[in-house]
Amino acid sequence: MKAITILKPNQMKLLEVEKPVITEPDQVLVKIRATGICGSDVHVYHGTNPYASYPRVIGHEAAGEIEAVGENVTDLKPGDGVVLEPITYCGECYACRNGHHNVCRELKVLGCIADGTFREYMVVPRSQVYPFDPSRMSYVQAAVCEPYTIAAQANWRGDVRPGDKVLVHGAGPIGLLTADIAKSRGATVIVSEPNESRLAMAKNFGADYGVNPRKEDLDEFIGKLTQGEGVNVVFEAAGIPALISHAVHILSPAGRFVAMTYGKEPVPINFKEINAKELTILGTRHQYQKFPEIIEQLPERLDRVDELITHVFPVEKYEEAFAVLEDKESGAGKVVLTF
Ligand code: MN
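Under the working numbering, the sequence shown is numbered contiguously, ending at residue 447.
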């Protein structure tokens, strides 16, 4: 079978490897049908993902078809559609005991520190797949469940409430989906993005207002919109750590800042403002138990899913797929590989 492997940073190959077999009674064999390329896969490819090890089969956004099941698996059968859970955890450490399995000390992430979904077949425990109805969404569409779960997790972390004024920095796929979920939670959503074509997309993903911060004064815009109170939640999905320093100025009292990216340069933060306004600074990483709700909701979001997926390539064209995704002028949203 075929598997896209990063041998070492900047060296990607489509390898022919052995098809895996079920060895435990609780396992399932999944034929991967569609798998999305994430920004984090590009980081693993180029050696800039801080968690990655090599060689690595990348990919963690996938939908497939059950090909075979172990003897203890009674609720799935060959031909059933499933979406894959990209993380595994120990269930015993402090984070797991407190419901934060996604930051488990033994966390394994497909495509990063365990081999991922850019391959034709995978064997995983039954607990690592979620069934979906392929008559309600295609495999390509279902591959977008995973990035939507990231957006759902971020909104849960930021505790977005009806009536909140929410600012999302960045209209890449994750920023767009975060805006979309915030809107569905009843918020008024502002998206800030310097790329005009991405900013235009934001309107269809829940943005009530789109601001190009290179052309318009974002602080002034927020000041007017909120009568000087400030926004209630800021999501940093642009990859610019300094935006946390900015956020403490433009958040309202009792506001929340959610860090969604992982730039590592340290940035100054004004503690006085954090205390004076009793701000909450939050991280968000992966997701925990968000797949069932997203699989349920996605068929109602297919207009957005289809707009997000700008390119679909057969796996053999993986080099072209990565080139399109990395070309800032290509207009690429989500790029999906099919088997
Ligand atoms: Mn992803």
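For each residue, glycine too, the CB sits at the ideal point set by N, CA and C. Since the model is a prediction, treat every value here as computed from it, not as a measurement.
{"Item": "CA-to-CA distance, valine 339 to proline 242, given in whole angstroms", "Value": "40 Å"}
{"Item": "Leucine 137 beta carbon less than 9 Å from that of methionine 245", "Value": "no"}
{"Item": "Cutoff 6 Å; reference threonine 418; Cβ partners in own chain excluding five residues on either side", "Value": "Ala440 and Gly441"}
{"Item": "Extent of the continuous alpha helix (DSSP H) run through alanine 310", "Value": "304 to 310"}
{"Item": "Distance cut-off 8 Å: glutamate 254 Cβ against heavy atoms of ligand 1", "Value": "yes"}
{"Item": "Proximity test, glycine 144 beta-carbon vs ligand 1 heavy atom, cut-off 8 Å", "Value": "yes"}
{"Item": "Beta carbon of histidine 394 nearer than 9 Å to that of phenylalanine 343", "Value": "no"}
{"Item": "Local Cβ density within 10 Å of arginine 131, reported as buried at 16 or more and exposed below that", "Value": "At residue 131 the sequence reads threonine, which differs from the arginine that was named. Under this definition threonine 131 is an exposed residue."}
{"Item": "9 Å Cβ cutoff met for glutamate 423 and lysine 121", "Value": "Residue 423 is actually valine in this sequence, not glutamate. No; because the gap between Cβ atoms is not below 9 Å, this pair is not in contact."}
{"Item": "For proline 281, three-class secondary structure by DSSP", "Value": "helix"}
{"Item": "Alpha helix (DSSP H) segment containing glycine 391, residue limits", "Value": "Looking at the DSSP string, glycine 391 is not in any alpha helix (DSSP H); the run it does join, the beta strand (DSSP E), is 388 to 391."}
{"Item": "C-alpha distance - asparagine 312 paired with tyrosine 238, whole-angstrom precision", "Value": "28 Å"}
{"Item": "Assigned secondary structure, phenylalanine 240 (DSSP; H/G/I helix, E/B strand, else coil)", "Value": "strand"}
{"Item": "Cβ pair alanine 279, valine 191 closer than 9 Å", "Value": "no"}
{"Item": "Any non-hydrogen atom of ligand 1 closer than 8 Å to glutamate 169 Cβ", "Value": "yes"}
{"Item": "Residue burial classification, glutamine 135 (beta-carbon count within 10 angstroms, cutoff 16)", "Value": "buried"}
{"Item": "Short Cβ contact (9 Å threshold) for proline 321 with glutamate 301", "Value": "yes"}
{"Item": "Cα-Cα separation between alanine 203 and valine 129, rounded to whole angstroms", "Value": "32 Å"}
{"Item": "Environment of proline 193 [buried if 16+ CB atoms lie within 10 Å]", "Value": "The identity of residue 193 in the sequence shown is glutamate, whereas the question assumes proline. Its Cβ being crowded by 16 or more others within 10 Å, glutamate 193 is buried."}
{"Item": "Rounded straight-line distance, which links the Cα of serine 235 to that of phenylalanine 421", "Value": "29 Å"}
{"Item": "Host beta strand (DSSP E) of histidine 419 (start-end)", "Value": "417 to 422"}
{"Item": "Segments assigned alpha helix (DSSP H), at least 4 residues, entirely inside the region 128 to 200", "Value": "147 to 154"}
{"Item": "Touching by the beta-carbon criterion (3+ pairs, under 8 Å), the region 166 to 186 and the region 262 to 277", "Value": "no"}
{"Item": "C-beta neighbour in chain C for glutamine 335, strict 9 Å", "Value": "Protein chains in the displayed structure number just one, and chain C is not present."}
{"Item": "Entirely enclosed alpha helix (DSSP H) segments - the region 342 to 380, minimum 4 residues", "Value": "351 to 358"}
{"Item": "Minimum C-alpha distance to histidine 354 - residue among Gly147, Ile403, Asn206 and Glu328", "Value": "Glu328"}
{"Item": "Serine 148: CB within 8 Å of a non-hydrogen atom of ligand 1", "Value": "yes"}
{"Item": "Residue interval of the beta strand (DSSP E) (run including tyrosine 229)", "Value": "229 to 233"}
{"Item": "Cα-Cα separation, leucine 215 to alanine 260", "Value": "20 Å"}
{"Item": "Cβ-based neighbour list, proline 349, same chain, cut-off 7 Å, excluding 5 preceding and 5 following", "Value": "Gly371, Glu373 and Val375"}
{"Item": "Completely contained beta strand (DSSP E) runs for the region 321 to 345, where each covers 3 or more residues", "Value": "339 to 344"}
{"Item": "Near ligand 1: isoleucine 298 beta-carbon under 8 Å from a heavy atom", "Value": "no"}
{"Item": "Which of helix, strand or coil DSSP assigns to leucine 406", "Value": "helix"}
{"Item": "In DSSP terms, what lysine 121 is bridged to", "Value": "Thr113"}
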